[in-house]
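Residue numbers (our numbering): 75 to 298.
Every residue gets a Cβ at the ideal spot worked out from N, C-alpha and C, and that includes glycine.
To keep things clear, I will list the structure first and then write my remarks on it.
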Amino acid sequence: MKNKIIILYESLLLKYNPQGWWPLLDLHDSKIGSNPTKTGSIRGYHPKDYSYPKTEKQKFEICIGAILTQNTSWPNVEKALMNLKKKDLIDAKKLSKISQTKLSLLIKPSGYFNQKSKKLIIFSKFYQSLNGKTPSREELLSVWGIGLETADSILLYAYKVPTFVVDAYTRRTLSSMNLMKDYMTYDEIKLLFEKNIKKDYRIYQEYHALIVENEKRIKPRIKK
DNA sequence: TTCCAGGCAATAC
DNA sequence: GTATTGCATGGA
């Protein structure tokens with residue numbers, strides 16, 4: 075008999091179909107990039123295509139998107155990313171040297187702009203120091219502004235490392251289904267998924283996206 | 001108007 | 001070690 079973690083995945087996938095995370099501003103194939111079944115922004119998704127990011131620029135875009143979306147809705151992040159793209163600033167070398175004041179203004183729509191501009195500049199320097207190599211989770215966590223969820227999001231969606239992303243939605247889902255205890259830590263919940271699912275980055279990417287989609291559709295929000 | 005969103009670091013206890 | 005607080009915009 076299949077365990078509940080796998081059954082939940084299969085039922086969410088059946089209900090919502092592949093989500094096409096992580097959204098990117100520009101996809102090479104213009105036919106895809108929209109998903110009318112999705113809540114919120116429908117831009118930049120690529121259902122059933124797990125080959126993204128295809129370019130170095132897209133990889134970096136995912137990294138800074140992961141930072142910009144900290145406690146922030148995606149449409150707001152998209153506005154900030156568009157501002158950066160217009161000036162061709164989705165580029166580690168350029169962002170590592172930009173003035174923080176200037177960057178704050180550009181990313182203003184994403185909120186917390188003074189903190190996030192600092193985070194982006196620090197991260198850009200770190201990113202350059204990698205010289206294209208995949209960072210370890212510990213390395214990412216040592217960077218100011220990168221916490222557990224952001225580190226795992228970057229690894230999973232930018233670097234295709236099969237590490238499970240836990241967020242508020244994940245907790246809400248598991249908790250409502252009595253699959254976890256409220257006192258469980260981030261890493262305990264992460265392991266709950268990782269020990270029950272084979273380490274395939276495509277499944278981890280899809281599962282996390284499905285959890286987010288499912289919770290977004292639950293109308294009466296349970297208070298924190 | 002109030003509430004909240006794909007968290008994090010700093011501070012308080 | 002765990003709990004609380006500041007950060008900020010835009011949409012519902």
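Residue interval of the alpha helix (DSSP H) (run including residue i)
i: N205; result: Note, N205: premise wrong, no alpha helix (DSSP H); not H, not E.
i: N148; result: Here residue 148 turns out to be Trp, not Asn, going by the sequence shown. Run containing W148: 148 to 160, per the alpha helix (DSSP H) assignment.
i: F134; result: 130 to 142
i: R31; result: Lying outside 75 to 298, the shown extent of the chain, residue 31 is not represented and no answer is given.
i: F267; result: 260 to 268
i: T237; result: Neither: T237 is in no alpha helix (DSSP H) and is coded neither H nor E.
i: L169; result: 166 to 169
i: K176; result: 174 to 180
i: K78; result: 78 to 90
i: L222; result: 222 to 227
Buried or exposed (CB count within 10 angstroms, at least 16 for buried), residue i
i: E287; result: buried
i: Y257; result: exposed
i: Q279; result: buried
i: T237; result: buried
i: K269; result: exposed
i: P149; result: exposed
i: I292; result: exposed
i: A242; result: exposed
i: K168; result: exposed
i: I81; result: exposed
i: E84; result: exposed
i: S227; result: buried
i: Q132; result: buried
i: T129; result: exposed
i: G118; result: buried
i: E289; result: buried
i: L229; result: buried
i: L158; result: buried
Anticipated Cβ contact below 8 Å, residue i with residue j, distance rounded
i: I285; j: T247; result: 5 Å
i: T208; j: Y233; result: 5 Å
i: I136; j: A154; result: With 8 Å as the limit, I136 and A154 do not qualify as a contact, their Cβ atoms being about 14 Å apart.
i: S191; j: L214; result: Not quite, the Cβ-Cβ distance comes to about 19 Å (not below 8 Å), so this is no contact.
i: L253; j: K78; result: 6 Å
i: Q93; j: P121; result: 7 Å
i: I271; j: L194; result: 32 Å between Cβ atoms; not a contact.
i: V235; j: Y260; result: About 17 Å separates the two Cβ atoms, so there is no contact after all.
i: F187; j: I164; result: Between I164 and F187 the Cβ distance is about 17 Å, and since that is not below 8 Å, they are no contact.
i: T146; j: G185; result: 5 Å
Given 8 Å, three or more beta-carbon pairs between the stretch 216 to 226 and the stretch 159 to 178: no
contact_flag[the stretch 188 to 204, the stretch 91 to 100] where n(CB pairs < 8 Å) is 3 or more: no
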